[in-house]
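Residue numbering for the sequence shown follows the UniProt record's numbering, beginning at 1 and increasing consecutively.
Quick reminder that beta carbons are idealized off the backbone N, C-alpha and C, glycines included.
Quick caveat: nothing in here was measured; it's all calculated off a predicted structure.
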Amino acid sequence: MNPIEQAIVWLNDPLNWTNPGGVLDRLGEHLYISAAAVALGCLIAWPVGLWLGHTGRGGGAVVLISNLTLSIPTIALLTILPLTFLGFGKPPVIIALAVFAIPPLLANAYTGVRQVDPETREAARGMGLSGGQVLRRVELPLAVPYLAAGFRTAAVQVIATAALASFVNGGGLGQIISAGFGLGMSVGGGQILAGGLLVAVLAVLVEGVLAVVERAVTPRPLRRTRGRAARRQAAPVGKA
1 MNPIEQAIVW LNDPLNWTNP GGVLDRLGEH LYISAAAVAL GCLIAWPVGL
51 WLGHTGRGGG AVVLISNLTL SIPTIALLTI LPLTFLGFGK PPVIIALAVF
101 AIPPLLANAY TGVRQVDPET REAARGMGLS GGQVLRRVEL PLAVPYLAAG
151 FRTAAVQVIA TAALASFVNG GGLGQIISAG FGLGMSVGGG QILAGGLLVA
201 VLAVLVEGVL AVVERAVTPR PLRRTRGRAA RRQAAPVGKA
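Written as structure tokens, this is what we have:
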């Protein structure tokens with residue numbers, strides 16, 4: 001059988017799903033690792049991005065931090081962090097993936113606050129709201145669609161990258177792929193392909209769910225505004 005046929009047979013074997021260390025166990029680990037990494041990234045990136053956006057300063061710092069974190073290969077962090085006090089397992093994986101999640105979370109939080117209409121901000125100050133109240137009551141609610149977009153991007157990227165956790169015994173669906181490589185391509189080729197398909201399908205499903213959530217938390221007027229902006233960006237240059 002070719003690898004595609006082997007993958008179909010492997011996926012249709014119930015024991016590969018229900019046995020200890022099977023798909024269901026690895027899927028639970030994958031979701032836990034990804035959720036913990038994105039949550040940690042949110043705890044770090046959102047407060048910093050919202051505050052920098054509120055003050056109107058630090059735009060260059062946001063770009064610098066995003067570029068620095070993106071320039072660090074995730075596989076490098078996954079190989080370095082286990083050599084520290086964290087050891088092997090899930091903690092270094094979660095931290096490495098959180099670093100990978102920070103750029104879209106930070107950039108979208110900053111952009112979301114800076115996109116608030118200055119007149120709206122000034123009207124709130126004119127009503128006697130303090131700086132913190134303006135951020136909580138005006139800027140943060142209007143920035144929610146941007147926060148949701150950053151969360152969506154970070155979540156999908158982390159889920160796709162979490163397959164690398166198998167390099168440090170961190171669990172997840174990547175363990176299925178690495179186990180297939182251990183068997184050799186002639187025997188484990190189908191298992192490798194099946195593991196890759198599971199990661200891809202999971203990322204697509206999460207992308208779809210979060211796209212619905214992002215649309216749900218975006219007020220209708222903002223949907224139309226963002227839709228027109230997207231169409232303008234996609235439109236070809238007018239003819240002379």
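Closest by C-alpha distance to residue i, when choosing among the options
i	options	result
Leu-52	Arg-220, Tyr-110, Ile-159	Tyr-110
Val-217	Phe-167, Asp-13, Val-144, Ala-165	Val-144
Ala-39	Lys-90, Ala-98, Gln-6, Pro-3	Ala-98
Ile-44	Phe-151, Gly-188, Ala-162	Phe-151
Ala-163	Leu-183, Ala-200, Gly-132	Ala-200
Asn-169	Trp-46, Asn-12, Arg-26	Arg-26
Gly-112	His-30, Leu-50, Gly-28	Leu-50
Leu-24	Arg-220, Ile-192, Gly-172	Gly-172
Tyr-146	Pro-219, Pro-20, Gly-87	Pro-219
Ala-37	Gly-56, Pro-91, Gly-28, Thr-84	Pro-91
For residue j and residue i, believed in contact at Cβ under 8 Å, the rounded distance
i	j	result
Ile-33	Val-93	6 Å
residue 241	Ala-7	Outside the shown range of the chain (1 to 240) lies residue 241, about which nothing can therefore be said.
Leu-135	His-54	5 Å
Beta-carbon spacing of residue i, residue j below 7 Å
i	j	result
Pro-104	Ala-154	yes
Gly-174	Ala-160	no
Phe-167	Leu-78	yes
Ala-101	Val-158	yes
Glu-214	Ala-107	no
Pro-73	Gly-189	no
Leu-11	Ala-194	yes
Val-116	Leu-142	yes
Val-138	Ala-203	no
Outcome for residue i when other beta-carbon atoms lying within 10 angstroms are tallied against a minimum of 16
i	result
Ala-76	exposed
Leu-15	exposed
Gln-133	exposed
Ser-186	exposed
Val-209	exposed
Val-212	exposed
Leu-140	buried
Gly-184	exposed
Ser-66	buried
Residue i at chain C interface by Cβ criterion, 7 Å
i	result
Pro-73	Here chain C cannot be found, since the structure has a single protein chain.
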